[in-house]
Ligand code: G6P
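In our numbering, the protein residues as written are 14 to 620.
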């Protein structure tokens, strides 16, 4: 969701800004623009559409400027068009602003500014910020931005340039991510690391309500009261390659192929001498004695990982778990208190709904443990404890490897809780640990046989509607399989519990409708065969995902994808890869923009 970059140094700013924005494309956007300071004046170039359209417009200019800001916009207030694109400029044209987030009191501020002679040309909330900064500007840009911040309610990451300030620009944040990059003699701001990693590995991670003054000689950080903040430099330890396609056709397939490594990197370092070590997560014998309930709160794919978490934690550790969508949790007066452990799950660590649910949980006295992928992200920093998934940068909008890594982290937590509570036998504990360690190999095998999945995708990529049904953990997995397919192929899809379909939705099954049926759960597989017969009797074509040694789908399902035999408890991690591959191949065959699906954003920083 909206990407911000900013540059000051001795190189030409415009091409650097454009290249930085390209690295943020994954966040999702529908228009883009830049502003540079050219001969003492703010020059803006912006337009609707992809960055290629912006590049074309920039090609007609010849800005020598070495200072500028850039933006990719994911529309919230006003449709994606040239006018609503960022940067927005103030009345006099002196100040230009890029913004990620939402200004909640923008109507009130707009009224205030209109009464003082300001007029508005766009439908955005951001234009208010440009005028407001100008209203407060008395020659000191930092002070003007700070004053505007005290008027603004909502979330923002801001980049601000001013025609009177040729040697500096200002950035600020609240509830939206922003980093400052420290190069040799050039300085950057960006919404995320990939945008600047080519130029520097040294960054400052801005905290809420901090203001950065980025000048030709350095980056200085201030708090909202004007005090200087001494910050530690964070050194990025991953390579630019991790954020490149490295010969794969899409980021999504590259990231699916990284799953064996990601799962291994998340699990192996935590298993020592057959035991699980969750140092730093706050899960100790004493802390869990005080817990009588767990909430798992997340959005999208991370929520689906949480649904699996409910099954697994309740089964192993016998602690009641409620998994809830962050956007619902926050507003329904949840029964959360000091005896609740709240586990929030987020790949980006920046999802606003999840962040707000976290804050609400803390306000109610709960301890918050987050499962997060991005080191130093807002959610990681706000949580009491963090268990990092080791997925590396995930660029494709549709989450894949991060999901498998989130599941891996959940199994570790569930098993540790069970061990500490004494609800799992030593033998069962060792068996599950062995199965967790066997996951990477099993996923490798699935990847090795991916042409099978591709074959079935080629038979169904024109489908109007595809259903996913499963029981137990397979139901939770079906939700994610269905979401993945919807996100990138735009095929209508629904996930249902195997036993629930007949209570209504079976009415939608007609001749030729594809129903995907994971059957990884021992004890529930026979029941699934009954559900498969029900849909087949209505003309459905069934694609079953079954362990190698299971013969139940034979002669029943139309297509069968085999996964290696593994303990059913952890089987969803392996079957997830099949679901992701299926969605991927369907979308590729349909000619969809797999890595950047329409209307979606990778990091959703609005409610
Ligand atoms: C967005 C993305 C989804 C993601 C969800 C939660 O909607 O498009 O792919 O699952 O946010 O993101 P998070 O970063 O919190 O895991």
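Virtual Cβ for every residue (Gly too), placed ideally from N, Cα, C.
According to the DSSP assignment, residue 56 belongs to the beta strand (DSSP E) that extends over 54 to 61. Sequence-distant Cβ neighbours of residue 277 in its own chain, meaning closer than 6 angstroms and more than five residues away, are 453.
Non-local beta-carbon contacts of residue 402 in its own chain, meaning distances under 8 angstroms to residues more than five positions away in sequence, involve 275, 279, 360, 384, 385, 386, 415, 418, 419, 421 and 422 in chain order. Per the coordinates, the alpha-carbon of residue 592 lies some 37 angstroms from the alpha-carbon of residue 219. At a cut-off of 7 angstroms, the beta-carbon of residue 497 does not count as near the ligand G6P: no heavy atom of the ligand is closer than that.
A heavy atom of the ligand G6P is found nearer than 7 angstroms to the CB of residue 360. Along the segment 348 to 397, the beta strand (DSSP E) occurs as fully enclosed runs of 3 or more residues at 353 to 359 and 380 to 385, listed in sequence order. Annotation: the continuous alpha helix (DSSP H) that includes residue 265 extends over 264 to 270.
In terms of side-chain proximity, the C-beta atom of residue 613 is found nearer than 7 angstroms to a non-hydrogen atom of the ligand G6P. Of the residues 255, 234 and 254, the one whose Cα lies closest to the Cα of residue 245 is 234. With a threshold of 7 angstroms, the Cβ atom of residue 312 counts as near the ligand G6P, since some heavy atom of the ligand is closer than that. In the three-state reduction of the DSSP assignment, residue 578 falls in the coil class, being assigned neither a helical nor a strand state. The continuous stretches of alpha helix (DSSP H) do not include residue 98, and DSSP gives it neither H nor E.
Separation of the CB atoms of residue 618 and residue 14 is rounded to 5 angstroms, and the pair is thereby assigned contact status at 8 angstroms.
Excluding five sequence positions before and after residue 42, the CB atoms of its chain that fall closer than 6 angstroms to its own CB belong to 85, 86 and 87, given in chain order. When beta bridges are read from the DSSP output, residue 215 appears opposite 248. Excluding five sequence positions before and after residue 49, the CB atoms of its chain that fall closer than 7 angstroms to its own CB belong to 26, 27, 56, 76, 78, 80 and 81, given in chain order. In chain order, 350 and 351 place their CB closer than 6 angstroms to the CB of residue 378, counting only its own chain and leaving out the 5 sequence neighbours on each side. Residue 314 sits buried, since 16 or more C-beta atoms from the chains shown fall within 10 Å of its C-beta. The nearest non-hydrogen atom of the ligand G6P is 7 angstroms or more from the C-beta of residue 204.
Counting only runs of 3+ residues, the beta strand (DSSP E) found wholly inside the segment 448 to 505 occupies 478 to 483, in chain order.
Nearest to residue 192 by C-alpha distance, out of 155, 165, 430 and 247, is 247.
Only residues of its own chain outside the window of five on either side were considered, and among them 54, 55 and 176 have a CB closer than 8 angstroms to the CB of residue 106, listed in chain order. Following the DSSP letters along the chain, one finds residue 610 in no beta strand (DSSP E), marked with neither H nor E. Annotated three-state conformation of residue 324 is helix, per DSSP. For residue 235, the beta-bridge partners assigned by DSSP are 224 and 241. One Cα belongs to residue 249, the other to residue 564, and the distance between them is close to 49 angstroms. With a minimum length of 3 residues, the unbroken runs of beta strand (DSSP E) contained wholly in the segment 256 to 313 fall at 306 to 311. Residue 127 and residue 141 have their C-alpha atoms some 10 angstroms from each other. Burial check for residue 112: the Cβ neighbour count within 10 Å reaches 16 or more, so the residue is buried. Listed in chain order, the non-local C-beta contacts of residue 335 below 6 angstroms within the same chain comprise 308, local neighbours out to five positions each way being set aside. Sequence-distant partners of residue 134 (beyond 5 residues in either direction) whose C-beta falls short of 8 angstroms from its own C-beta, in its chain, are 96 and 140. DSSP places residue 560 in the uninterrupted beta strand (DSSP E) bounded by 554 to 560. In terms of Cβ geometry, residue 562 and residue 578 form a close pair [threshold 8 angstroms].
Between residue 229 and residue 153, the gap from beta carbon to beta carbon reaches 8 angstroms or more. Separation of residue 131 and residue 104 (C-alpha to C-alpha, rounded to the nearest whole angstrom) is 7 angstroms.
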